[in-house]
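A short write-up of the structure that comes next.
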Amino acid sequence: MGNQRSSIDIVNNNKGKKRLKNKKRPKMIEQDPSERIKNFAEVSLGLTEEMVELETQRCLQCENPLCVAGCPVNIKIPQFIKLLKEKKYIKALYKIKTDNLLPAICGRVCPQEIQCEQACILNKLGEPIAIGQLERFIADWERKNNLKECPECAVPKGIKVGVIGAGPAGLACAGELAMNGYDVTVFEAFHMGGGVLSYGIPQFRLPKEIIKSEIETLEMLNVKFEYNVIIGKTLTIEDLKEMGFKAFFIGVGAGLPMLLKIPGINLNGVLSANEFLTRSNLMKAFRFPDYDTPVKVGKIVTVIGGGNTALDSARTALRLGAEKVNIVYRRSESEMPARKEEYHHAVEEGIQFQFLTNPVRFIGDKNDHVSKMEVIKMKLGEPDDSGRRRPIKIEGSEYLIETDTIIIGIGTSANPILTKSIPELKLNKWGYIETDENGQTNLEGIFAGGDIVTGAATVITAMGAGKKAAHAINNYLQEKTIN
Ligand SMILES: Cc1cc2nc3c(=O)[nH]c(=O)nc-3n(C[C@H](O)[C@H](O)[C@H](O)COP(=O)(O)OP(=O)(O)OC[C@H]3O[C@@H](n4cnc5c(N)ncnc54)[C@H](O)[C@@H]3O)c2cc1C
Numbered sequence: 032m033g034n035q036r037s038s039i040d041i042v043n044n045n046k047g048k049k050r051l052k053n054k055k056r057p058k059m060i061e062q063d064p065s066e067r068i069k070n071f072a073e074v075s076l077g078l079t080e081e082m083v084e085l086e087t088q089r090c091l092q093c094e095n096p097l098c099v100a101g102c103p104v105n106i107k108i109p110q111f112i113k114l115l116k117e118k119k120y121i122k123a124l125y126k127i128k129t130d131n132l133l134p135a136i137c138g139r140v141c142p143q144e145i146q147c148e149q150a151c152i153l154n155k156l157g158e159p160i161a162i163g164q165l166e167r168f169i170a171d172w173e174r175k176n177n178l179k180e181c182p183e184c185a186v187p188k189g190i191k192v193g194v195i196g197a198g199p200a201g202l203a204c205a206g207e208l209a210m211n212g213y214d215v216t217v218f219e220a221f222h223m224g225g226g227v228l229s230y231g232i233p234q235f236r237l238p239k240e241i242i243k244s245e246i247e248t249l250e251m252l253n254v255k256f257e258y259n260v261i262i263g264k265t266l267t268i269e270d271l272k273e274m275g276f277k278a279f280f281i282g283v284g285a286g287l288p289m290l291l292k293i294p295g296i297n298l299n300g301v302l303s304a305n306e307f308l309t310r311s312n313l314m315k316a317f318r319f320p321d322y323d324t325p326v327k328v329g330k331i332v333t334v335i336g337g338g339n340t341a342l343d344s345a346r347t348a349l350r351l352g353a354e355k356v357n358i359v360y361r362r363s364e365s366e367m368p369a370r371k372e373e374y375h376h377a378v379e380e381g382i383q384f385q386f387l388t389n390p391v392r393f394i395g396d397k398n399d400h401v402s403k404m405e406v407i408k409m410k411l412g413e414p415d416d417s418g419r420r421r422p423i424k425i426e427g428s429e430y431l432i433e434t435d436t437i438i439i440g441i442g443t444s445a446n447p448i449l450t451k452s453i454p455e456l457k458l459n460k461w462g463y464i465e466t467d468e469n470g471q472t473n474l475e476g477i478f479a480g481g482d483i484v485t486g487a488a489t490v491i492t493a494m495g496a497g498k499k500a501a502h503a504i505n506n507y508l509q510e511k512t513i514n
């Protein structure tokens, strides 16, 4: 903080070019790594009001703001930052919430470094504006002050729309439809909303109270939630049509864990990251013994994968008492899909990374419990379909790793429960729903978005898809009413 300046941020140098006086953004306050590995409290503690004041002064208020285009839900970033700078906090909240009803969540988990902040013009002069941290600040300020601002809703239309899945895609779609005056019910398989936000992302990154609070905003917009309802099992789309629903949004995510097809996969002590994280987050193993649903964690935990799921599993295992946690990833550090900040935090916490390494087989002890893992070294070849360089085995480089718990976090795929119940719904070869760019499926009145369309992506892209589909649903229902 000491080197932050509050004077004019941009000056002209003698060649007439613009130069930024204060190139650095504030560093968020964080729990010390040696302390935080012993608890599940949030790692990042946000910005102080003073830091926010200084950071808002760095925003250039661009006439053609690239940051807005970089945000999948197009939050009016310069306008909300200006309002923050003027200390018009309530107005700043409104400005964000008309485009994004989940600011405290997005401020915490969005990969801003590859979205709005990557597009920020200040990257050319120094560090980009800390947009995510400012978004988080204002959302937290609202909660701390027991306020609950929510945008205006249009006059109720009395038309029922069903949203399937209470993840970011479903929540964004529901909020947008409710603001347009529709009578929206969200059907969710679990006992609580949030999707991956609740069952995947750990408390130390995104406290459950925050998800609950942001879902309350939707409830204030009169969105109804029906929990413990699996569409495709408990009820079908046909049942919902009979109950008077006129259009549907499917946002069921891609929650089916991918497993490795290698020897030893069925040994005790080998878990999917989904199971491990769900047991900790939703079944509250992280609060054992207050909740009598613990999850067993060994002394040496090996996590396979390089995305947020792998990192969340590793850091959860550490907090649950593992003595050593290794991440084994088949590509190199620069190809890791995890958020940069989470990687940085994991390294600080002592998680060890073995890059360019891939499992070959898991080896069990006499009780069929995993005790070792054989791995092989990899090198990078030409780029594959994902644009990243393809990992290639280095023959003869196999070696053994000691381990007593293996968590597989290599990705997820489409869960077929809902899609199987609608056989005429068009899917691609991987089981994801095919839609046009507005989320329209091949079936009239049925729209879809989020991970069930794109495959595993991000919170904000799922929200963007939910919002887009809400507009398409609005157009569809308006046309239907006119005809
Ligand atoms: C561990 C982990 C960490 C992640 N970290 C980040 C991160 O830091 N930042 C980021 O941007 N992204 C992150 N992601 C990715 C992000 O969470 C997802 O891309 C996003 O949640 C997808 O949203 P969605 O609404 O499409 O699906 P989901 O979040 O999966 O929600 C789908 C919901 O539908 C419900 N459902 C499924 N089937 C049915 C049915 N038949 N009937 C009723 N309900 C049903 C599910 O229970 C679930 O609640 C992470 C993912 C994981 C797994």
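Residues in the sequence shown are numbered consecutively from 32, following this note's numbering. C-beta atoms are modelled at their ideal positions from N, C-alpha and C, and glycine is treated no differently. Keep in mind that this is a model prediction, so the values were computed, not measured.
Proximity winner among the options, relative to residue i (alpha-carbon distances)
{"i": "Val-284", "options": "Pro-159, Asn-305, Val-301 and Gly-300", "result": "A small correction: the amino acid at residue 284 is Gly; Val does not occupy that position in the sequence shown. It is Asn-305 whose Cα lies nearest to the Cα of Gly-284."}
{"i": "Val-74", "options": "Asp-63, Phe-319 and Lys-355", "result": "Asp-63"}
{"i": "Ile-331", "options": "Ser-244, Cys-137, Gly-300 and Val-192", "result": "Gly-300"}
{"i": "Leu-342", "options": "Cys-147, Asn-154 and Gly-231", "result": "Gly-231"}
{"i": "Ala-487", "options": "Thr-466, Pro-368 and Lys-511", "result": "Pro-368"}
{"i": "Asn-253", "options": "Gly-275, Met-274 and Met-210", "result": "Met-210"}
{"i": "His-222", "options": "Asn-259, Glu-373 and Phe-393", "result": "Asn-259"}
{"i": "Glu-158", "options": "Val-186, Asn-53, Ala-205 and Ala-353", "result": "Asn-53"}
{"i": "Glu-269", "options": "Pro-454, Lys-371 and Asn-131", "result": "Pro-454"}
{"i": "Lys-175", "options": "Gly-77, Gly-224 and Gly-336", "result": "Gly-77"}
{"i": "Arg-362", "options": "Leu-97, Cys-147 and Lys-410", "result": "Lys-410"}
{"i": "Phe-384", "options": "Gln-234, Val-356, Lys-397 and Pro-182", "result": "Val-356"}
{"i": "Glu-366", "options": "Asp-214, Leu-456, Val-378 and Leu-387", "result": "Leu-387"}
{"i": "Ile-504", "options": "Leu-153, Pro-57 and Phe-279", "result": "Phe-279"}
{"i": "Leu-228", "options": "Met-251, Cys-141 and Lys-179", "result": "Cys-141"}
{"i": "Ala-220", "options": "Leu-313, Asp-435, Lys-107 and Cys-98", "result": "Leu-313"}
{"i": "Leu-349", "options": "Glu-380, Asp-214, Phe-307 and His-375", "result": "Glu-380"}
{"i": "Cys-102", "options": "Asn-506, Thr-512 and Ile-491", "result": "Ile-491"}
{"i": "Leu-431", "options": "Asn-389, Asn-469 and Ser-244", "result": "Asn-389"}
{"i": "Met-59", "options": "Gly-462, Lys-69, Ile-68 and Glu-80", "result": "Glu-80"}
{"i": "Phe-276", "options": "Gly-476, Lys-499, Ile-437 and Ser-65", "result": "Gly-476"}
{"i": "Lys-397", "options": "Leu-298, Asp-467, Lys-239 and Ile-121", "result": "Leu-298"}
{"i": "Glu-61", "options": "Ala-501, Leu-508 and His-376", "result": "His-376"}
Reduced DSSP category for residue i - H, G, I as helix; E, B as strand; rest coil
{"i": "Ser-417", "result": "coil"}
{"i": "Asp-214", "result": "strand"}
{"i": "Lys-48", "result": "At Lys-48, the pLDDT of 49 sits below 50, so the modelled position is not reliable and the matter cannot be decided from this model."}
{"i": "Gln-234", "result": "coil"}
{"i": "Phe-168", "result": "helix"}
{"i": "Ser-452", "result": "coil"}
{"i": "Ala-278", "result": "strand"}
{"i": "Ala-479", "result": "strand"}
{"i": "Glu-510", "result": "helix"}
{"i": "Glu-219", "result": "coil"}
{"i": "Leu-458", "result": "strand"}
{"i": "Pro-182", "result": "coil"}
{"i": "Thr-333", "result": "strand"}
{"i": "Ile-246", "result": "helix"}
{"i": "Gly-33", "result": "Any reading at Gly-33 is ruled out, since the residue's pLDDT is 35, under 50, leaving its predicted position unreliable."}
{"i": "Met-494", "result": "helix"}
{"i": "Asp-40", "result": "Any reading at Asp-40 needs caution, since the residue's pLDDT is 47, under 50, leaving its predicted position unreliable; the model's value is listed next. Coil at Asp-40, not helix or strand."}
{"i": "Asn-339", "result": "helix"}
{"i": "Lys-292", "result": "coil"}
Pair within 8 Å by beta-carbon distance, residue i and residue j
{"i": "Thr-216", "j": "Lys-255", "result": "yes"}
{"i": "Ala-496", "j": "Ile-281", "result": "no"}
{"i": "Ile-382", "j": "Ala-345", "result": "yes"}
{"i": "Gly-163", "j": "Gly-138", "result": "yes"}
{"i": "Val-391", "j": "Val-359", "result": "no"}
{"i": "Ser-311", "j": "Pro-233", "result": "yes"}
{"i": "Gly-224", "j": "Ile-246", "result": "yes"}
{"i": "Lys-457", "j": "Thr-472", "result": "yes"}
{"i": "Val-192", "j": "Leu-178", "result": "no"}
{"i": "Lys-403", "j": "Glu-433", "result": "yes"}
{"i": "Phe-235", "j": "Phe-71", "result": "yes"}
{"i": "Leu-132", "j": "Leu-237", "result": "no"}
{"i": "Ala-100", "j": "Ala-150", "result": "yes"}
Exercise. If you pair each beta-carbon of the region 194-212 with each one of the region 481-492, do three or more pairs fall below 8 Å?
Worked result: yes
Exercise. Do three or more CB pairs link the region 263-271 to the region 408-421 at distances below 8 Å?
Worked result: no
Exercise. Counting only runs that start and end within the region 363-445, where is the alpha helix (DSSP H) found for 4 or more residues in a row?
Worked result: Those alpha helix (DSSP H) runs which fall completely within the region 363-445 and span 4+ residues are 371-379.
Exercise. Using 8 Å as the Cβ pair cut-off and three pairs as the minimum, do the region 108-127 and the region 87-94 touch?
Worked result: yes
Exercise. Do the region 307-324 and the region 448-461 make contact, defined as three or more Cβ pairs closer than 8 Å?
Worked result: no
Exercise. Which parts of the region 55-113 are runs of the beta strand (DSSP E), unbroken and 3 residues or longer, counting only runs that do not cross its ends?
Worked result: 75-77
For this session: Evaluate the contact criterion for the region 89-98 versus the region 356-375: three or more CB pairs, one atom per stretch, below 8 Å.
Result: Touching, no.
Exercise. Quick check: the region 283-298 against the region 434-444, are there 3 or more CB pairs under 8 Å?
Worked result: Yes, the region 283-298 touches the region 434-444.
For this session: Would you be able to state if there are at least three C-beta pairs under 8 Å between the region 123-143 and the region 164-171?
Result: Touching, yes, given that three or more Cβ pairs across the two stretches are closer than 8 Å.
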